[in-house]
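Data first, discussion second: the structure below is written as structure tokens.
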Amino acid sequence: MARAQAQLAQAIAAKQQASAGAAQAQANYKGARENVNYSIIRAPISGIVGKINMRNGSLVGPSDVTPITTVSDTNELYAYFSMNEKEYFDFLKNAKGATLSEKLKNMPMAELILANGEPYGEKGRIEAVTGQINPATGSVQFRVSLPNPQKLLSNGNSGSIRIPKYYDNVLVLPESATYEQQGLVYVYKVEKDTANNAVIEVVDRVDNMVIIKEGVTKGETVVAEGVASMKPKTAVKPQPKSLDEIVNAIKPIF
-13 MARAQAQLAQ
-3 AIAAKQQASA
7 GAAQAQANYK
17 GARENVNYSI
27 IRAPISGIVG
37 KINMRNGSLV
47 GPSDVTPITT
57 VSDTNELYAY
67 FSMNEKEYFD
77 FLKNAKGATL
87 SEKLKNMPMA
97 ELILANGEPY
107 GEKGRIEAVT
117 GQINPATGSV
127 QFRVSLPNPQ
137 KLLSNGNSGS
147 IRIPKYYDNV
157 LVLPESATYE
167 QQGLVYVYKV
177 EKDTANNAVI
187 EVVDRVDNMV
197 IIKEGVTKGE
207 TVVAEGVASM
217 KPKTAVKPQP
227 KSLDEIVNAI
237 KPIF
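Residue numbering for the sequence shown follows the working numbering, starting at -13 and increasing by one per position.
Here is the structure:
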């Protein structure tokens, strides 16, 4: 009986020693794992990695000015564009909504024109605007949020933002049909093969076209080209042309 108790005591001691060894091994493993974790830098987000600024084995720390790299989340990108002071006041006056936040929400979806001239496939929402006019440029900056599911866009891309405008009860003429004199805009109306000038009110000019509020009514015939050299009561022989044919033939001037 005494021998059995001695063997039991030895077994218990061996178990305790083994448990202590296991605990020490666990502590060693935990310490080694923490050391490994200290040597691995993990990004808080998923994204595209930029240039690696350090070599393997370089000593780095939280006080380093130069980052090891930059990780960019490109699932959604921001595009920035500016309005001059006049355009901004026109926006505040004409956009629907009582507050700036409501006006932004009521803005139509914006389109991004890429550097190669092609439209980007996803439309963006205008969601923010700076609270002051930049005194150096006289402009206000807007921010557009653009989804990027195909990862076509990246940080630093350039392009143009196009925002559609909608007009009610207006007529459209090619810009080549108008001329200015003493601050007024004119067109030549044709009646009984005779052209006479008439004052018009232009609301806007877009893509080689003028948007007219008053001065021309639907169904009237106007001279579309060569008005700069004409005089009132000029005899003409009308040759109808489509609006698209005239507008597309106008070359932009840069």
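C-beta: ideal position from N, C-alpha, C; glycine also.
Quick caveat, the model's predicted, so the values are computed rather than measured.
| Check | Outcome |
| --- | --- |
| Where A8 falls: helix, strand or coil (DSSP) | helix |
| From E108, S146, V208, S68, residue whose alpha carbon lies closest to that of A122 | S68 |
| Contacts around L170, its chain only, beta-carbon distance under 6 Å, and the 5 residues preceding and following it disregarded | V185 |
| Three-state class that DSSP yields for K219 in the structure shown | coil |
| Reduced DSSP category for Y74 - H, G, I as helix; E, B as strand; rest coil | helix |
| Closest Cα partner of M40 within the set S32, T55, S144, Y152 | T55 |
| 8 Å Cβ cutoff met for S275 and Y64 | Residue coverage of the chain in this structure runs from -13 to 240, which leaves residue 275 outside it and unanswerable. |
| Beta-carbon proximity check, K227 vs A214, cutoff 8 Å | no |
| Residue(s) in a DSSP beta bridge with P224 | DSSP lists no partner for P224. |
| Proximity winner among I197, K199, T207, relative to N183 (alpha-carbon distances) | T207 |
| Rounded Cβ spacing between A181 and V222 (contact assumed at less than 8 Å) | 5 Å |
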